[in-house]
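K.L.:
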Amino acid sequence: MPTPACTAVGAHMADPDKPIGDAPPAEHPPAEAVGSAPVDPVTRTFEGRFSVVGGVRRTVARGTLVNAGFLVTVSLLGLVKGVLVAGFLSTEDYGLWGVIAVSVITLTWLAQTGIGDKYVQQDEGDQEAAFQKAFTLELVFSLGAMVFVALCVPLVGLAYGRSDVLLPALVLALALPATAFTSPVWVYYRQMRFLRQRLLLAVDPVVGFAVTIGLAVAGVGYWSLVIGLVVGPWAAALAAAAASPYRMRLRWERATMREYISFSAPLFIQGASGLLIAQVALLIGEWQLGLAAVGAITLTSQITQFTDRVDAIVTGALYPAICAMRDRRELLYESFVKSNRLALMWGFPFGVAVSLFADDMVRLGLGEKWALAIPLLQAFGLIAAANHMGFNWHAFYRAEGRTWPIAIVAGAMAAVAVCVTFPLIAAEGLDGFVIGSAVMVAVGLAGRAYYLSRLFPGFRMWRHMARAMAPTVPAALAVLGLRWIAGMDRSVVVALSELVLYGLVTVAATFAFERPLLREVATYLRPDRRAATASA
1487 MPTPACTAVG AHMADPDKPI GDAPPAEHPP AEAVGSAPVD PVTRTFEGRF
1537 SVVGGVRRTV ARGTLVNAGF LVTVSLLGLV KGVLVAGFLS TEDYGLWGVI
1587 AVSVITLTWL AQTGIGDKYV QQDEGDQEAA FQKAFTLELV FSLGAMVFVA
1637 LCVPLVGLAY GRSDVLLPAL VLALALPATA FTSPVWVYYR QMRFLRQRLL
1687 LAVDPVVGFA VTIGLAVAGV GYWSLVIGLV VGPWAAALAA AAASPYRMRL
1737 RWERATMREY ISFSAPLFIQ GASGLLIAQV ALLIGEWQLG LAAVGAITLT
1787 SQITQFTDRV DAIVTGALYP AICAMRDRRE LLYESFVKSN RLALMWGFPF
1837 GVAVSLFADD MVRLGLGEKW ALAIPLLQAF GLIAAANHMG FNWHAFYRAE
1887 GRTWPIAIVA GAMAAVAVCV TFPLIAAEGL DGFVIGSAVM VAVGLAGRAY
1937 YLSRLFPGFR MWRHMARAMA PTVPAALAVL GLRWIAGMDR SVVVALSELV
1987 LYGLVTVAAT FAFERPLLRE VATYLRPDRR AATASA
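Residues in the sequence shown are numbered consecutively from 1487, following this note's numbering.
#1: According to the neighbour-count rule (16 or more other Cβ atoms, all chains shown, within 10 Å of its Cβ), is L1753 buried or exposed?
#2: According to DSSP, simplified to helix, strand and coil, what is A1615?
#3: Under three-state DSSP, which class holds A1517?
#4: Let's see if you can read the secondary structure: which residues bound the alpha helix (DSSP H) around F1877?
#5: For V1978, is the classification buried or exposed, using 16 other Cβ atoms within 10 angstroms of its Cβ as the cut-off for buried?
#6: What distance in whole Å lies between the Cβ atoms of T1665 and E1624, which are believed to be in contact at a cut-off of 8 Å?
#7: Expressed to the nearest angstrom, what Euclidean distance is found between the alpha-carbon atoms of V1766 and A1994?
#8: In the DSSP assignment, find the unbroken alpha helix (DSSP H) run with D1845 in it and report its ends.
#9: With 16 as the cutoff for other CB atoms within 10 Å, does E2076 come out buried or exposed?
#10: Can you name, in chain order, every residue of its own chain whose Cβ lies under 6 Å from the Cβ of S1669, other than the five neighbours on each side?
#11: Three-state secondary structure (DSSP) at F1942?
#12: Extract the residue ranges of the alpha helix (DSSP H) inside the region 1888 to 1951, only unbroken runs of 4 or more that lie entirely within it.
#13: Compute the Euclidean distance between the alpha carbons of T1742 and A1803, then round it to the nearest angstrom.
#14: Should I1971 be labelled buried (16 or more other beta-carbon atoms within 10 Å of its own) or exposed?
#15: Count the CB pairs spanning the region 1686 to 1706 and the region 1555 to 1564 that are closer than 8 Å, and state whether there are at least three.
#16: With a CB to CB cut of under 8 Å and the five nearest residues on each side skipped, what residues in its chain are close to A2008?
#17: Along the chain, where does the alpha helix (DSSP H) containing R1969 start, and where does it finish?
#18: Which residues in the same chain have their Cβ closer than 6 Å to the Cβ of G1933, if we skip the five residues on either side of it in sequence?
#19: Can you say whether F1556 is buried or exposed, counting buried as having 16 or more other CB atoms within 10 angstroms of its CB?
#20: Between the alpha carbons of G1568 and G1611, how many angstroms are there, rounded?
#21: Going along the chain, which unbroken runs of the alpha helix (DSSP H) with 4 or more residues stay wholly within the region 1813 to 1870?
#22: Assign D1579 to one of three DSSP states: helix, strand, or coil.
#23: Which of the three DSSP states, helix, strand or coil, is assigned to L2003?
#24: What are the boundary residues of the alpha helix (DSSP H) that Q1607 is part of?
#25: Report the start-end ranges of each alpha helix (DSSP H) in the region 1719 to 1766 that is 4 residues or longer and not cut off at the edges.
#26: The alpha helix (DSSP H) that contains V1689, what's its start and end?
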């Protein structure tokens, strides 16, 4: 459940004297008490970053609730779009889209150098100047990324032996400069004004969804996805620029550039590692297995990545608060543990459900043409569930300005991909892809566990994993037991009945294991009478 994760932990970070769950109170005084000036208990300002009315705890809780609601909606929109469009496209067309998307979208990862993250972390006295310097760097990098993608597109076409990827890939590159003009949302993000931030960011997926589905129904084919991914970002860019609280002017300083590059260079390496893994895996898959297999891999990624987007809800809501509290290590540790426990209430059951119901999803929903994707969905549902463990570790390192551990773990995973995953794809096909991906994720989890133990002495990943899996085990056993006892033919009614059973058992087991934490989450959402009195 992403919403409680955002609410409880975001509230805890904003009001650190209030512990989460059964944790003891922090030894440090409340942040509001630091200094000699008295602070109004109803209106509070935290380190010049954000000011709230009605108590920090409840205000941040409701803000993160809004944040989670928008991101869940956007994630669902992306999931529905991918599944619906798959119904209008052949497997070959969807595979061609997978080549185009991975070729361009993964190349754009190189443009995501963490400038926005660094802007949120910084504490300059002149925030308008800080924004303008960050905006300038983002614009330079996004324009450079557009040129880089345009130069690489012919190489992609040559590698795949398909000239029909050139034009759509070049059109997709036109969306890259739009990212710089959405930078005003960083200001609202840093101030934890999530409603304004999410309203502006929602323009992209909503407009993109409408354009894509409309064009797909009209029979445009994979061009519906291409056009939707260009129109959406530019619509959001126009909305963000119009709502910018600061003037969007260029401001270049070498010192700022060096500071941002030292923060962003490891994140660039992380993006390059991801690009290598995704691009080469699909390239080998297309060479060895054909375009239909690439389509199956792409569809699997569309569905299982939904869990990653929900993870982003939690990390996105926490990051500004983590930056504000980065010197209070014991609070960061508690927030890390609790945020993971709460997020895994959603992520782990979802991944296991994808694995359990993959056959029904394809045969009763998408159709037999996607039968090739069934074993991939079954395997990657479990892989995605495991990959949730310690998912937001990188946010805590970014908040401290220590980004090299992120690059090291990403580099290790890329090395495993080169040495293990890619040879297995060439030798064993899709089965090799599954095995190699599982090994790669295992190495990534080991890297997380190591760096988490360095950041938080005493953290044990295996305990974390055992607690996360506990509520899902009885739900999965209930479904498997029903299938074994009843032995019914598969139908939509049977599949939905089992899905309801799975959901009910998961919810019941979650409440049994995590009742104190969930009870505390509920208290954050109750009306604050002091705030109502003050506003009156």
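For every residue, glycine included, the Cβ atom is placed at its ideal position computed from N, Cα and C.
P.N.:
A quick look at the data gives this:
#1: Counting from one through the sequence shown, the residue named residue 1753 turns up at place 267. With 16 or more other Cβ atoms within 10 Å, it is buried.
#2: By 1-based counting over the sequence shown, the position of residue 1615 is 129. Residue state, collapsed to three classes: helix.
#3: Position 31 of the sequence shown, counted from the first residue, corresponds to residue 1517. Residue confidence for A1517 is low, a pLDDT of 36 falling below 50, so the modelled location carries little weight; the figure read from the coordinates is stated next. Helix.
#4: Residue 1877 sits at position 391 when you count from the first residue of the sequence shown. Where F1877 is concerned, there is no enclosing alpha helix (DSSP H), given that its DSSP letter is neither H nor E.
#5: To locate residue 1978, count along the sequence shown from 1; it is residue 492. Exposed.
#6: Locating residue 1624 in the sequence shown gives position 138, counting from the first residue. Locating residue 1665 in the sequence shown gives position 179, counting from the first residue. At roughly 7 Å, the Cβ-Cβ gap stays under 8 Å, so E1624 and T1665 are in contact.
#7: If you number the sequence shown from 1, residue 1766 lands on position 280. If you number the sequence shown from 1, residue 1994 lands on position 508. V1766 and A1994 have their C-alpha atoms roughly 43 Å apart.
#8: Taking the first residue of the sequence shown as position 1, residue 1845 is located at position 359. That run of the alpha helix (DSSP H) goes A1844 to M1847.
#9: Lying before the first or after the last residue shown, residue 2076 is absent from the chain, which here runs from 1487 to 2022.
#10: In the sequence shown, residue 1669 corresponds to position 183, counting from 1. Same-chain partners within the cutoff: F1621 and E1624.
#11: If you number the sequence shown from 1, residue 1942 lands on position 456. Reduced to three states, the DSSP call for F1942 is coil.
#12: 1890 to 1902, 1908 to 1914 and 1916 to 1941
#13: Working through the sequence shown from its first residue, we reach residue 1742 at position 256. Working through the sequence shown from its first residue, we reach residue 1803 at position 317. Going by the C-alpha atoms only, they are around 26 Å apart.
#14: Counting from one through the sequence shown, the residue named residue 1971 turns up at place 485. Taking all protein chains shown into account, I1971 has fewer than 16 neighbouring C-beta atoms within 10 Å of its C-beta and is therefore exposed.
#15: yes
#16: Mapped onto the sequence shown, residue 2008 falls at position 522. No residues qualify anywhere along the chain.
#17: Looking up residue 1969 in the sequence shown gives position 483. Start and end: T1958 to A1972.
#18: Residue 1933 sits at position 447 when you count from the first residue of the sequence shown. Here G1933 has V1895 and A1898 as same chain residues with Cβ atoms under 6 Å from its own Cβ, once five neighbours each way along the sequence are excluded.
#19: Along the sequence shown, read from residue 1 onward, the residue named residue 1556 stands at position 70. Looking at its Cβ environment, which holds 16 or more other Cβ atoms inside 10 Å, F1556 is buried.
#20: Here residue 1568 refers to the residue found at position 82 of the sequence shown. Here residue 1611 refers to the residue found at position 125 of the sequence shown. Looking at the two C-alpha atoms, the distance is approximately 44 Å.
#21: For the alpha helix (DSSP H) assignment, the uninterrupted runs of no fewer than 4 residues enclosed by the region 1813 to 1870 are, from N- to C-terminal side, 1815 to 1842 and 1844 to 1847.
#22: Along the sequence shown, read from residue 1 onward, the residue named residue 1579 stands at position 93. Three-state DSSP puts D1579 in a helix.
#23: For the purposes of this step, residue 2003 is identified with residue 517 of the sequence shown, where counting begins at 1. Looking at L2003 - three-state DSSP - the assignment turns out to be helix.
#24: Counted from its first residue, the sequence shown places residue 1607 at position 121. I1601 to Q1607 is the extent of the alpha helix (DSSP H) around Q1607.
#25: none
#26: If you number the sequence shown from 1, residue 1689 lands on position 203. Taken as a continuous stretch (DSSP letters only), the alpha helix (DSSP H) holding V1689 covers V1689 to V1703.
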